[in-house]
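**Student:** Note that the protein sequences, when read in sequence, are chains A and B.
The opening position of the first sequence corresponds to residue 28 in the working numbering, with each subsequent residue numbered one higher.
The opening position of the second sequence corresponds to residue 28 in the working numbering, with each subsequent residue numbered one higher.
By construction, the Cβ of each residue, glycine as well, lies at the ideal position given by its N, Cα and C atoms.
Computed from a predicted model, the values in this text were never measured in an experiment.
This is the structure I want to talk about, given as structure tokens.
Number of protein chains: 2
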Amino acid sequence: MESITEAEIKIMEAAEKVFYQKGKNGASMQDIADEAQITRTSLNYYFRTKDKLFEAVFRNTLSRFVPEIARLIHNGRSFRDYLTQLVHVIIDTMIENPQIPVFVLQELSSNPDRMPQIVKELGIDSDFAIDTFKNDEFLRQLPVDPRHLIMNALSLCIFPFAARSMILNLMYDGNEDAYIRAMKERKQMVPFMIERMINRMNDET
Amino acid sequence: MESITEAEIKIMEAAEKVFYQKGKNGASMQDIADEAQITRTSLNYYFRTKDKLFEAVFRNTLSRFVPEIARLIHNGRSFRDYLTQLVHVIIDTMIENPQIPVFVLQELSSNPDRMPQIVKELGIDSDFAIDTFKNDEFLRQLPVDPRHLIMNALSLCIFPFAARSMILNLMYDGNEDAYIRAMKERKQMVPFMIERMINRMNDET
DNA sequence: AAAATGTTTGACATTATTGTTTAACTATTT
DNA sequence: AAATAGTTAAACAATAATGTCAAACATTTT
């Protein structure tokens, strides 16, 4: 019976906190053990190596939103609907955990293979997704490359969290509530922009 | 006579390469010494500590685009012009050095104080910039919060480089030329979108 | 309660990393 | 060429970090 014990949960929470804050290499096993209030030896007992622990935390992080996105893709809704829903899932997740973007981007950049692997395991088959988009009649008649549309949606959702400290301090004067409020506004604004983008492009090109 | 020697340049180049690749904590002084083909002791001779070396590399990175942006702000052009130029500066810089976004965002997140400090030294006075925007008549009559506009412009420019490996592999099949071409397209597309954003918002709200 | 299983701890071994010192070496100045 | 300043390198010291082991301890099963 392989079930997740209380201790493991406590460790994962501590590890997540420390990894988010200090990054994979900046965090030591001792830091994490301290945060979890156990000895470092116990940490090794549960997760054997730092890399295994990191992988567990990373997978856990991705599992907060990747399965939802997988469902969106496989539900076969229209591209418009898909983008709108995607925006909501992403922004809601990031409001809960603003450090995710840097954490994920950092790992993606220093180890480009791990993430695609896990994403696949969590239910997103990139080939399937690409095929779906390629066969969407709506997309086929769009004068704008849908890849730009997807990039735009992701950019507009994720970047403001990736650059959180700068934006918070420079634009919102360190007022966290104002910052969060702005991020929530974006849940409406981004789909609106995407929509307008598609229409205008249709009009003018 | 404090001038930059050839050795220092060689070291900075090596350090930049290694820091970009492995991050501040992932990179060791030995890694950098190897890359620069000198002994680690020489490295310490020139830069004394790892943190000083990192700071030098970080400042050097910022100096590639921050002064240009500072000039844009102080030239007192209209907000529209400013955003358009900003987009060009950023995308051009990132095409030259796609690893900058993750490098900077990582440091910004783990050490939020260093960057604002250096940015100021490189000529951007954030208070001045904010005042300028606050007094722009065009902005005052806009129905959309200009902070969102700035966030949007930055997001659309920077994120596609921050998530480079994912976008390259999933959307452009690993074809670097196609990826670069797409990024160049965005130099036109992003200002166009910002423009449309402003107009449509005016029309409909 | 004896046995078996699971968990915690302290001690250990190993390696990686950083920064310093001292001596050798090189180039430049006087 | 003697002296000076600048550079390199080997050796050293100190610490930090990882992973393993065996013994102690606790909990559950038989």
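Looking only at its chain, what residues have a beta carbon closer than 7 Å to the beta carbon of residue 41 of chain B, apart from the 5 residues adjacent to it on each side?
**Tutor:** 59, 62, 63, listed in sequence order.
**Student:** What did DSSP end up calling residue 151 of chain B once you bin it into helix, strand or coil?
**Tutor:** The answer is coil: DSSP assigns residue 151 of chain B none of H, G, I, E or B.
**Student:** Run through chain A and tell me which residues come within less than 8 Å of residue 92 of chain B, C-beta to C-beta.
**Tutor:** Result: empty, since nearest Cβ-Cβ is about 14 Å, beyond 8 Å.
**Student:** Spatial neighbours of residue 28 of chain A within its chain, please: C-beta separation below 6 Å, excluding the five flanking residues on both sides.
**Tutor:** Note that residue 28 of chain A scores a pLDDT of 42, beneath 50, so its modelled location is shaky; the value from the coordinates is reported in the next line. Within the same chain, residue 28 of chain A has no close Cβ partners at all.
**Student:** So, is residue 35 of chain B buried or exposed, given that buried needs 16 or more other C-beta atoms within 10 angstroms?
**Tutor:** Exposed, since its Cβ has fewer than 16 Cβ neighbours within 10 Å.
**Student:** Which of the three DSSP states is assigned to residue 172 of chain A in this structure?
**Tutor:** Residue 172 of chain A: coil per DSSP, three-state reduction.
**Student:** Could you tell me the alpha carbon to alpha carbon distance between residue 140 of chain B and residue 157 of chain B, rounded to whole angstroms?
**Tutor:** Distance between the alpha carbons of residue 140 of chain B and residue 157 of chain B is about 19 Å.
**Student:** Can you tell which of B/209, B/161, B/178, B/204 has its C-alpha closest to the C-alpha of residue 105 of chain B?
**Tutor:** The candidate whose alpha carbon is nearest that of residue 105 of chain B is B/161.
**Student:** Quick one, are the C-beta atoms of residue 51 of chain B and residue 81 of chain B less than 8 Å apart?
**Tutor:** A contact, by the Cβ cut-off of 8 Å.
**Student:** Is the stretch 175 to 195 of chain B close to the stretch 183 to 193 of chain A, with three or more CB pairs under 8 Å?
**Tutor:** Yes, the stretch 175 to 195 of chain B is in contact with the stretch 183 to 193 of chain A.
**Student:** Take the Cβ of residue 232 of chain A as the centre, count every other Cβ of all protein chains shown within 10 Å, and call the residue buried at 16 or more, exposed below.
**Tutor:** Because residue 232 of chain A sits at a pLDDT of 45, beneath the cut-off of 50, its placement in the model cannot be relied upon, and the following sentence gives the value as read from the coordinates. So residue 232 of chain A ends up on the exposed side.
**Student:** Please state the DSSP three-state secondary structure of residue 200 of chain B.
**Tutor:** Coil, per DSSP.
**Student:** Buried or exposed: residue 148 of chain A, going by 16 or more other Cβ atoms within 10 Å of its Cβ?
**Tutor:** Counting Cβ neighbours within 10 Å, residue 148 of chain A comes out exposed, since fewer than 16 surround it.
**Student:** Would you check if the stretch 166 to 175 of chain A and the stretch 168 to 178 of chain B touch, i.e. whether three or more CB-CB distances between them fall below 8 Å?
**Tutor:** No, because fewer than three Cβ pairs between the stretch 168 to 178 of chain B and the stretch 166 to 175 of chain A fall closer than 8 Å, the two stretches do not touch.
**Student:** My output table needs one value for residue 226 of chain B: the three-state DSSP class, helix, strand or coil.
**Tutor:** The answer is helix: DSSP assigns residue 226 of chain B an H, G or I state.
**Student:** Residue 147 of chain B touches chain A at which residues, Cβ-Cβ below 7 Å?
**Tutor:** None at all; the shortest Cβ gap to chain A is about 11 Å.
**Student:** Where in the stretch 47 to 94 of chain B do unbroken runs of the alpha helix (DSSP H), each at least 4 residues long, occur, reported from the N-terminal end onward?
**Tutor:** Taking only runs of at least 4 residues, the alpha helix (DSSP H) segments lying wholly in the stretch 47 to 94 of chain B are 56 to 63, 67 to 74, 77 to 89.
**Student:** Is residue 118 of chain A closer than 8 Å to residue 214 of chain A when the C-beta atoms are compared?
**Tutor:** Going by C-beta atoms, residue 214 of chain A is nearer than 8 Å to residue 118 of chain A.
**Student:** Quick test of your reading: residue 39 of chain A and residue 93 of chain A, contact by CB under 8 Å. State the CB separation rounded to the nearest angstrom.
**Tutor:** The pair is not a contact, with the Cβ atoms about 17 Å apart (cut-off 8 Å).
**Student:** In whole angstroms, give me the CA-to-CA distance for residue 144 of chain A and residue 196 of chain B.
**Tutor:** If I take the Cα positions, the gap works out to 13 Å.
**Student:** Among the candidates A/137, A/221, A/89, whose CA atom is the shortest distance from the CA of residue 127 of chain B?
**Tutor:** Cα-wise, what sits closest to residue 127 of chain B is A/137.
**Student:** Tell me the rounded alpha-carbon separation between residue 71 of chain A and residue 37 of chain A.
**Tutor:** Whole-angstrom Cα-Cα distance: 14 Å.
**Student:** Tell me which same chain residues have a C-beta within less than 7 Å of the C-beta of residue 95 of chain A, skipping the five on either side of it?
**Tutor:** So the list reads 116, once near-sequence residues are dropped.
**Student:** Measure from the alpha carbon of residue 208 of chain A to the alpha carbon of each residue in A/54, A/123, A/75, A/88, then state which is nearest.
**Tutor:** Residue 208 of chain A has its Cα closest to that of A/123, out of A/54, A/123, A/75, A/88.
**Student:** For residue 190 of chain B, which three-state DSSP category applies?
**Tutor:** Three-state DSSP puts residue 190 of chain B in coil, outside helix and strand.
**Student:** Starting from the beta carbon of residue 53 of chain B, find every residue of chain A whose beta carbon is closer than 8 Å, and list them in chain order.
**Tutor:** Result: 51, 52, 137.
**Student:** Under 7 Å between beta-carbons, which chain B residues line up against residue 186 of chain A? List them in chain order, please.
**Tutor:** The answer, in chain order, is 181, 182, 185, 186.
**Student:** If you measure from the beta carbon of residue 174 of chain B to each beta carbon in chain A, is any gap under 8 Å?
**Tutor:** At least one chain A Cβ lies under 8 Å of residue 174 of chain B.
**Student:** Using a Cβ-Cβ cut-off of 6 Å (strictly less than) and excluding sequence neighbours within five positions of residue 150 of chain A, which residues of its own chain qualify?
**Tutor:** If we look at residue 150 of chain A and ignore the five residues flanking it on each side, its Cβ neighbours are 94, 97.
**Student:** From residue 194 of chain B to residue 200 of chain B, what does the alpha carbon distance come to, in whole angstroms?
**Tutor:** C-alpha separation (whole angstroms): 9 Å.
**Student:** Closer than 9 Å by beta-carbon distance: list the chain A residues that pair up with residue 133 of chain B, in chain order.
**Tutor:** What residue 133 of chain B touches in chain A: 50, 129, 132, 133, 136.
**Student:** Could you name the residues of chain B that residue 196 of chain A contacts, counting a contact when the two beta carbons are closer than 8 Å?
**Tutor:** Simply 139, 143.
**Student:** Could you check how far apart the C-beta atoms of residue 88 of chain A and residue 130 of chain A are, in whole angstroms? I think they sit under 8 Å.
**Tutor:** With 8 Å as the limit, residue 88 of chain A and residue 130 of chain A qualify as a contact, their Cβ atoms being about 7 Å apart.
**Student:** DSSP state of residue 139 of chain B, grouped into three classes?
**Tutor:** DSSP places residue 139 of chain B in coil when its eight states are reduced to three.
**Student:** Measure the C-alpha to C-alpha separation of residue 54 of chain B and residue 155 of chain B and round it to an integer number of angstroms.
**Tutor:** For residue 54 of chain B and residue 155 of chain B, the distance between alpha carbons rounds to 37 Å.
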